[in-house]
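**Q**
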Amino acid sequence: MKKKKGKWDTLDGILNEIWSMLKRGVTHFNDPFHWPVLGTTGKSGCSLRTVILRQLILPDRILVCHTDDRATKVQEICNSNKVSWLFYHPESKVQLRISGQAKLHTDDKFADDQWAATKIASRFNYCATQPPGTPIDKPSSGLPDFLLNKIPTLLETERGRKNFMAIACRIDSIDWLMLRALGHRRARFDWDENRLSATWLIP
Ligand SMILES: Cc1cc2nc3c(=O)[nH]c(=O)nc-3n(C[C@H](O)[C@H](O)[C@H](O)COP(=O)(O)O)c2cc1C
């Protein structure tokens, strides 16, 4: 009898699984896909940092994360909007290497909608008086005194809005790798506008 094909046996099945894993990463804070690494091109070459995956927009293939618009990565994206993402799921042993083009949103409906969906705890991240990366004399969160040692109101955290930025990255390609004791599997998905080409690769 012929063995039924599993979700990892077809390129379509894998792409569906990739979208599911990314969607789960958005909604589950303890899922490994919640904390990908975002790569940009910096002064000394490749520049990497952990970010939180905030949204996956389909069918547009857009990954969204948030940042302070004074952060170094923002300048780097202004210099080159080609960015990379690295995801690894230790349980599934699945690695995704994603590349795409980033768009920065500060004063538009997209940024307003993203800001409206943020929680108070996240809004703290954009309330520092000085830009991220500013050298200081002693350890400090950089938050103004009135935000420290109490739970601020939603209104008080509105001061973070002026520093808030959403980074939206349109996916151009995904390199998928799954480790298995009986043989690893690897595949690549490339989009030219909305035309997809997919192929298996030697791992
Ligand atoms: C678990 C974790 C999640 C993080 N999430 C974000 C994030 O969503 N956005 C962000 O700008 N920085 C985030 N950071 C901080 C960045 O890794 C980085 O230190 C900071 O953004 C400065 O990076 P830059 O100087 O390259 O701009 C996170 C750090 C950790 C450890």
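Start counting the sequence shown at 6; every next residue gets the next number (the working numbering). Positions of the beta carbon are idealized from the N, C-alpha and C atoms, including for glycine.
(1) Identify the continuous beta strand (DSSP E) that holds I62 and give its terminal residues.
(2) Can the beta-carbon of I176 be found closer than 8 Å to that of L53?
(3) Label K78 either buried or exposed according to how many other C-beta atoms from any shown protein chain fall within 10 Å of its C-beta, with 16 as the threshold for buried.
(4) Hey, how far is the Cα of R59 from the Cα of P136?
(5) When burial is assigned at 16 or more other CB atoms within 10 Å of the CB, is Q119 buried or exposed?
(6) In terms of residue numbering, what span does the beta strand (DSSP E) encompassing C132 cover?
(7) List the DSSP bridge partners of T46.
(8) Less than 8 Å between the C-beta atoms of L20 and F194, yes or no?
(9) Between K98 and N86, what straight-line distance do the alpha-carbon atoms span, to the nearest angstrom?
(10) Alpha carbon to alpha carbon, how far is N130 from D113? Give it in angstroms, no decimals.
(11) Among residues of its own chain, excluding the 5 on either side of S202, which ones have a beta-carbon nearer than 6 Å to its beta-carbon?
(12) Taking A107 and C51 to be in contact with their CB atoms under 8 Å, please state how far apart those CB atoms are, rounded to whole angstroms.
**A** Reading it off the structure:
(1) Note, I62: beta strand (DSSP E), Q60 to I62.
(2) Not a contact, by the Cβ cut-off of 8 Å.
(3) Buried, by the Cβ-count rule.
(4) Distance between the alpha carbons of R59 and P136: 22 Å.
(5) The residue is buried, with at least 16 neighbouring Cβ atoms inside 10 Å.
(6) Run containing C132: none; DSSP gives neither H nor E here.
(7) Under DSSP, T46 forms a beta bridge with C51.
(8) Contact flag set, yes.
(9) K98 and N86: Cα-Cα distance of roughly 29 Å.
(10) Straight-line Cα distance between these residues: approximately 20 Å.
(11) Scanning its chain for C-beta atoms nearer than 6 Å, with the 5 sequence neighbours on each side dropped, one finds around S202 the residues D195, in chain order.
(12) Their Cβ separation, rounded to whole angstroms, is 15 Å, which puts A107 and C51 out of contact at 8 Å.
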